[in-house]
Amino acid sequence: MVRPMSAAPLLEVRGLTVEFRRDDGVVRAAERLSFRVDRGEIVGLVGESGSGKSATALSLLRLVPPPGRIVSGTVTLEGKELLSLPEKELRRHRGAGIAYIPQEPGSALNPVLRVGAQIVDVVRAHRSVTRAEAWREATLALERVGIPDPTSRVREYPHQFSGGMKQRALIAMALAARPKVLLADEPTTALDTTLQAGIVDLLRSLVVGGDLGAMLIITHDLGVVAAVCDRVIVMYAGRIVEEAPVDTLFADPRHPYTRALIESLPRPDVERGCLPTISGQVPDLARLPSGCPFHPRCGLADERCPAWEPELFPLPDGRRVACIVEEDRRGAREPELAR
Amino acid sequence: MSGSSPPLVEVRRLAKHFPAGGGLFGRSGLVRAVDGVDLDVRSGEIVGLVGESGSGKTTLGRLVLRLIEPTSGSVHFDGVDVLSLRGGELRRLRRRMQLVFQDASSALNPRMKVRTLVGEPLVIHKISRGSALRAKVAELLSEVGLDESAMERYPHEFSGGQRQRIGIARALAVRPDFVVCDEPVSALDVSVQAQIVNLLVELQRRHGIAYLFIAHDLSVVGHLCDRVAVMYLGRIVEHGSAESVRREPLHPYTRALFAATLPASPDEARRVHAPLPGEIPSPVAVPSGCRFHTRCPFAAERCRVEDPPLREVSPGRLVACHLAEEIAAGRPPSAGAEGAVERSGGGRGGVSRGMPEDDRGTTG
C-alpha cells in the first residue's frame, strides 16, 4: 500500500545519528538516518544483529541508554519535534505519542503487580480518570488484544500468563496510553511459531482498525515483514541500505545485501546444503570497512565501492537504494528515469 | 532409506516423567515430558524433530544420548542397548554420539581457549595429544571454516555464528556417527543460519554422520531433513519423509504448524490457514484420549476418550490420529474451522483468523 507522498507524515525522522562510546573508540549505531511513517502504515525496520535497528528505535523516544548518545537529528511527530524537548515535556509524548513494546515480554512486566494494575498506572499517567474507570479501561484493553475472560485475567499476576498472553498484555498496556505510533521491538521473536501468527494478526488489526495511527516494527524476521508490513526499511551497519514497499522488496530487491538476505532463507526447493550465503560476517561497528560498509561481502562490488560514501538514490517508484553499482545498472536500463 | 539395514539409533517406547510441584504448596504430579516414543535414525540420515516449546523434543534428544536417564523404554545404538552400559563401555559409546547446542555461547566454557575447547574431547577419549593434538585441532577448525589463529582466542572474541562453528568442531572432534543438533541455528541471524546449515550438510556428506535435528522452524527442517517427526506433548504424532509431510501433512497439528509458519513472501501471506486455537497444555495435565483433542478443529467424541496409536497409513507415513484418512480426503466428520481461508478485507488487511488463545491450562 503506497500512500500519496503529499500529506505530512505522522512521524518523520531526519538525519538521526547515534553514537556509542566504547573502550575501543566511538561507534555509530545510526548514521544520518532519514525516514518517515505515514498514517495508517506499518513500516518494518529490518536488520541483523549489530545493524543498529534497536538503537534507532530507542532514540526516537530519546531512550537510548548510555553510553549511547544522540549526536544529531530530529524526530517529528505530527509536526512537533521531540528530541529537543525538555525531559518533562518529552515524557508526555512517551506512551501517548509513541508507545514502545520492548523485546522480552517475560521481563517487561512487573512480576509483583497484577497485570491490570500495571495497565491502570499507564491509563492514569496519561488521563485523569477515577481508579474504577481506569480498571474498566484495563479490562477493555485486555479484551481488545484478544485475551479471553478479561474480567478475571485483569486481576492476575504476570506469572499466570503464558508467553503469548504476556505479549498481548504488553500490547494492551501500550494501547492504554492511546498512542499515535506504536514501536514494537521484535514482537514475535520470543514466541513459538504457532503464536507468532496470532500476534502478527493482532498488530495488523490495530492499525487497520484505527486503534493506532501507524506502527514501526523492528525485526530481523523477514517472515514477520512479509506478513504484516506495508513498507520496509533495511539497515546494515547503522545505515539504511534500501527502502521499498513490501511487495516490491521481496519481488525485486535492489540492494545486494537485501537480495542476499532474501535468497538465504531456507527453502525446500533449493538443493540441500546449497543455500546462497553472504560471505564473511556483519562488521564490528568499530572496524567498519571504508566506503560502502557492505563492499567486502558484496558480489557486485567494484573498484569504486571502497571509496564511495553511501547515499540513498531515490527510484521513481518511491524506493531508495544505497548502491552505486545498482544505480549505474538502473541508469543504463532506464536512461530517461535516472537522475 | 529402504528399511533393509537395521537403524543406527532405535528408540522404543521411550518415556521420561519428571516429578512436578511438591514444593511450597504441596502440589504434586508427573510432568510427562516424553511419553512413549518410537523413533529410528538410519546411518547417514538427517531426521528432523519439530514441535512447540513444551513438546518434549529437547528432552527426547537428551534421552537418546543418555544424558538423562529415561523412566522406561529402550534406546539401541548400532545394536547395543545403550541403557545397559556402564562406565567405560558407555564412555566408549559416547565417542560415537555427540550433541550440538542451540546456544553455543553458554555451552562453551568462557575461560577456555578454543584450542582447549576443541581438543578436550580428543584428550578425554585418548585420541591424540601433544603436537598431534594441535595439528588435529587446526584441521577441525579449518573443516568448520575457522582460521588456525582462532586457537589462541576465547569464545567471547567470536560472533554467534563463529561460536556455533566452534561447538560443531568440538562435537565432530571424536568423529561421531550420530549427532543430536538441538536448535543449532535458531539463535543465529538469517545470513549466518544459511552458512551453518550448509556446513552441517557438508560435514554430513563428507563423514556420513546421521543427525537428529531438533527445530521449531519448519522451513529449515524442510530444506535439510530426509525425514521429519512431529512431536506434541511428549508423543510423536506424525512421521514421514520431509517431502511428504510438507506436501501433505496428515495430522491436524502438523497442518496447523505449517499454517502458522510466517510466509517467505508477501504473496504467500495473502493465503493463510485457520490458526491453532489455544496453547500447548501443560504436560502435568495431559488431556484424555487424543492429547491434541483440546485444540483440534475436527475432534469427535472418540478423540476425547480413545488415545490414537501412531499407525502406518501408507509406507513410511505414520500418524496418530483417528480421523487422518477422513481429513486427508477433505471430509472431516465435524465441520471444523479448518481449510484455506482467504483473508477478508482485501490484501493483507483482513484480520482475526479464528478463535482467541485460551491457555488457562498452561499456568499455575
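Those protein sequence lines, which keep their order, are chains S and F. For the first sequence, counting from 1, position 142 maps to 142 in the working numbering; every step adds exactly one. Count along the second sequence from 1, then add 1000; that gives the number in the working numbering. For every residue, glycine included, the Cβ atom is placed at its ideal position computed from N, Cα and C.
Pull out every residue of the region 1218-1247 of chain F whose Cβ sits closer than 7 Å to any Cβ of chain S, in chain order. Ser1219, Val1220, Gly1222, His1223, Leu1224, Arg1246
Cβ neighbour criterion (16 or more within 10 Å) applied to Ser1131 (chain F): exposed
Given this structure, state the Cα-to-Cα distance separating Leu113 (chain S) from Tyr157 (chain S), to the nearest angstrom. 6 Å
Note down the Cα distance separating Ser1244 (chain F) from Ala1256 (chain F), rounded to an integer number of angstroms. So the two alpha carbons sit approximately 16 Å from each other.
At least three beta-carbon pairs within less than 8 Å, the region 262-276 of chain S to the region 286-297 of chain S: no
List the endpoints of the continuous alpha helix (DSSP H) containing Gln167 (chain S). 163-176
Inter-residue spacing [alpha-carbon to alpha-carbon] between Leu109 (chain S) and Leu82 (chain S): 26 Å
Roughly how many angstroms lie between the CA atoms of Lys1113 (chain F) and Val115 (chain S), to the nearest whole one? 46 Å
Who are Arg231 (chain S)'s beta bridge partners in DSSP? S:Val43, S:Pro245
Member of F:Glu1152, F:Leu1188, F:Pro1283, F:Leu1140 whose CA lies at the smallest distance from the CA of Ala1171 (chain F): F:Leu1140
Cβ contact (3+ pairs, closer than 8 Å) linking the region 11-31 of chain S and the region 58-78 of chain S: Yes: at least three Cβ pairs fall under 8 Å.
With a threshold of 7 Å between beta carbons, is Gln103 (chain S) in contact with chain F? Residue contact check for Gln103 (chain S) against chain F: no CB pair falls below 7 Å.
What runs of the alpha helix (DSSP H), each 4 residues or longer, lie entirely inside the region 97-126 of chain S? 105-108, 115-126
How about Thr194 (chain S) and Leu1250 (chain F): do their beta carbons lie closer than 7 Å? Note that the C-beta distance between Thr194 (chain S) and Leu1250 (chain F) is not below 7 Å.
Let's see if you can read the secondary structure: which residues bound the alpha helix (DSSP H) around Gly1101 (chain F)? Sequence check: residue 1101 (chain F) is Phe here, not Gly. Neither: Phe1101 (chain F) is in no alpha helix (DSSP H) and is coded neither H nor E.
Three-state secondary structure (DSSP) at Gly1330 (chain F)? coil
Is the beta carbon of Ile1196 (chain F) less than 7 Å from the beta carbon of Val1179 (chain F)? no
What is the DSSP secondary structure of Thr1071 (chain F), reduced to helix, strand or coil? coil
State the DSSP-derived secondary structure class of Asp342 (chain S), mapped to helix, strand or coil. Not covered by the structure: residue 342 (chain S). The range shown for chain S is 1 to 339.
Looking only at its own chain, which residues have a Cβ that is under 7 Å from the Cβ of Pro296 (chain S), when we skip the five neighbours before and after it? Gly280, Pro289
Compare the Cα-Cα distances from Gln1098 (chain F) to each of F:Arg1062, F:Asp1307, F:Asp1267, F:Ile1127 and report the closest residue. Taking the Cα of Gln1098 (chain F) as reference, the smallest distance to any Cα among F:Arg1062, F:Asp1307, F:Asp1267, F:Ile1127 is reached at F:Arg1062.
Between the region 1028-1046 of chain F and the region 1079-1089 of chain F, do three or more beta carbon pairs fall short of 8 Å? no
Buried or exposed for Val1366 (chain F), going by 16 or more other Cβ atoms inside 10 Å? Outside the shown range of chain F, which is 1001 to 1364, sits residue 1366 (chain F), and nothing can be said about it.
Taking 7 Å as the CB-CB limit, is Ala1262 (chain F) close to chain S? One point to set straight first is that residue 1262 (chain F) is Leu, not Ala, in the sequence displayed. For Leu1262 (chain F), the answer is yes, since a Cβ of chain S falls inside 7 Å of its Cβ.
Find the nearest neighbour of Glu1279 (chain F) within the set S:Phe161, S:Pro150, S:Arg136, S:Arg124, judged by alpha-carbon distance. S:Phe161
Determine the direct distance from the alpha carbon of Phe1101 (chain F) to that of Glu1248 (chain F), and round the result to whole angstroms. Approximately 31 Å, taken between the alpha carbons.
Roughly how far, in whole angstroms, is the beta-carbon of Cys1225 (chain F) from the beta-carbon of Leu1200 (chain F), given that I think they are within contact range, below 8 Å? Actually they do not touch by this definition, with Cβ atoms about 11 Å apart.
Residues of the region 1168-1196 of chain F whose Cβ lies closer than 8 Å to any Cβ of chain S, in chain order: Asp1189, Val1190, Ser1191, Val1192, Gln1193, Ala1194, Gln1195
So, is the C-beta of Gly223 (chain S) closer than 7 Å to a C-beta in chain B? Of the protein chains in this structure, namely S and F, none is chain B.
If you measure from the beta carbon of Ser1053 (chain F) to each beta carbon in chain S, is any gap under 7 Å? yes
If you count every other CB in all the chains shown that lies within 10 Å of the CB of Arg1291 (chain F), and 16 or more means buried, which is it? Classification for Arg1291 (chain F): buried.
Between the Cα of Ser1043 (chain F) and the Cα atoms of F:Asp1078, F:Thr1058, F:Val1064, which residue gives the shortest distance? The shortest Cα separation from Ser1043 (chain F) among F:Asp1078, F:Thr1058, F:Val1064 belongs to F:Asp1078.
Taking 7 Å as the CB-CB cut-off, is Ala1337 (chain F) touching chain S? Bear in mind that a pLDDT of 44 at Ala1337 (chain F), under 50, signals an unreliable position, so the number given afterwards is only what the model happens to contain. Not closer than 7 Å to any Cβ of chain S, the Cβ of Ala1337 (chain F) fails to qualify, so no.
Have a look at Ser34 (chain S) and Gly73 (chain S) and give me their C-alpha separation to the nearest angstrom. 9 Å
Below 8 Å between beta carbons is the criterion; list the residues of the region 261-288 of chain S that meet it against any residue of chain F, in chain order. Leu261, Ser264, Leu265, Pro266, Arg267, Pro268, Val270, Arg272, Gly273, Cys274, Leu275, Pro276, Thr277, Ile278, Gln281, Val282
Since Asn1198 (chain F) meets chain S, which of its residues come closer than 8 Å, beta carbon to beta carbon? Within chain S, the residues near Asn1198 (chain F) are Gly273, Cys274, Leu275, Thr277.
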